[in-house]
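All the letters of the sequence shown, read from the start, carry residue numbers 52 to 233 under the numbering used here.
Ideal Cβ positions, reconstructed from N, Cα and C, are used throughout, including at glycine.
The structure presented is a predicted model; accordingly, all values stated were derived computationally and were not measured.
Okay, so here's the structure we're looking at.
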Amino acid sequence: MGNRLSKIYTRTGDNGTTGLGDGSRISKDSIRVETMGDIDELNSMIGIILAEGTSQNFECILTQIQHDLFNLGAEICIPGYTVLTAPCVDALEQSIDTYNAELSPLKEFILPGGSKSAAFCHLARTVCRRAERKLIELHRHEKVSEISLQYLNRLSDLLFVICRIMNKEAGVSDVLWTNKQV
Numbered sequence: 052m053g054n055r056l057s058k059i060y061t062r063t064g065d066n067g068t069t070g071l072g073d074g075s076r077i078s079k080d081s082i083r084v085e086t087m088g089d090i091d092e093l094n095s096m097i098g099i100i101l102a103e104g105t106s107q108n109f110e111c112i113l114t115q116i117q118h119d120l121f122n123l124g125a126e127i128c129i130p131g132y133t134v135l136t137a138p139c140v141d142a143l144e145q146s147i148d149t150y151n152a153e154l155s156p157l158k159e160f161i162l163p164g165g166s167k168s169a170a171f172c173h174l175a176r177t178v179c180r181r182a183e184r185k186l187i188e189l190h191r192h193e194k195v196s197e198i199s200l201q202y203l204n205r206l207s208d209l210l211f212v213i214c215r216i217m218n219k220e221a222g223v224s225d226v227l228w229t230n231k232q233v
């Protein structure tokens, strides 16, 4: 493999544009670039969860998610390019079903929090939801793969379930919302 980034700065973006993977240039504040940024931020949040330390069980799936998110970023960076496939979404659904089977049914809404790792995971979930909204906005203007849309939707669900498992593993209760006026 050759050097992918032999030079870190190019000065080509000094005019407010950035290069896409197909060689075209677009404004840095375009919906496409914002979507790539949200996906990158989500990937970084997953990295924080991994750096904080998590069970081997989650380490494997979160690492795979990071690779999937990098692939999703490539899809957005190269218009018309697709990498994610239906088995990627299937893997998320299988994980949701497996992990959720370990949990008691919810009777109340959950507030972000509990253990530190669960709080970081909740933050990743909210970034995922934002990335999904931005991808939907991009899809309204330019076609993106349906699998990409499904992937982010399932990923936010999986992150929610992982938050609950992280709290359970830490011996910390989920923070339940109550409708009490203070």
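With the cut-off set at 8 Å, would you say residue i and residue j are in Cβ contact?
| i | j | result |
| --- | --- | --- |
| isoleucine 112 | serine 146 | yes |
| isoleucine 216 | tyrosine 132 | no |
| cysteine 128 | methionine 96 | no |
| isoleucine 90 | leucine 120 | yes |
| isoleucine 198 | alanine 125 | no |
| serine 166 | asparagine 218 | yes |
| leucine 210 | cysteine 179 | yes |
| aspartate 73 | proline 130 | yes |
| serine 207 | glutamate 183 | yes |
Less than 7 Å between the CB of residue i and some heavy atom of the ligand FMN, yes or no?
| i | result |
| --- | --- |
| valine 212 | No copy of the ligand FMN occurs in the structure displayed, which carries no ligand at all. |
To the nearest angstrom, how far is it from the Cα of residue i to the Cα of residue j?
| i | j | result |
| --- | --- | --- |
| glutamate 110 | serine 224 | 22 Å |
| alanine 152 | valine 212 | 10 Å |
| aspartate 148 | tyrosine 202 | 15 Å |
| serine 106 | glutamate 220 | 9 Å |
| leucine 143 | cysteine 214 | 15 Å |
| threonine 177 | serine 75 | 31 Å |
| valine 226 | leucine 174 | 14 Å |
| asparagine 204 | leucine 93 | 13 Å |
| valine 84 | glutamate 188 | 12 Å |
| arginine 181 | leucine 123 | 15 Å |
| proline 163 | serine 196 | 30 Å |
Who does residue i pair with in a DSSP beta bridge?
| i | result |
| --- | --- |
| isoleucine 161 | Leu227 |
Since I believe residue j is in contact with residue i (beta carbons under 8 Å), could you give me their beta-carbon distance rounded to a whole number of angstroms?
| i | j | result |
| --- | --- | --- |
| proline 98 | glutamine 117 | Correcting the residue identity first, residue 98 is glycine in this sequence and not proline. Their Cβ separation, rounded to whole angstroms, is 7 Å, which keeps glycine 98 and glutamine 117 in contact under 8 Å. |
| phenylalanine 171 | tryptophan 228 | About 20 Å; that fails the 8 Å criterion. |
| lysine 185 | isoleucine 82 | 7 Å |
Margin query: List, from N- to C-terminal side, the beta strand (DSSP E) runs of 3 residues or more that fit wholly inside the stretch 107–181.
Written below: Fully enclosed beta strand (DSSP E) runs of 3 or longer: not present.
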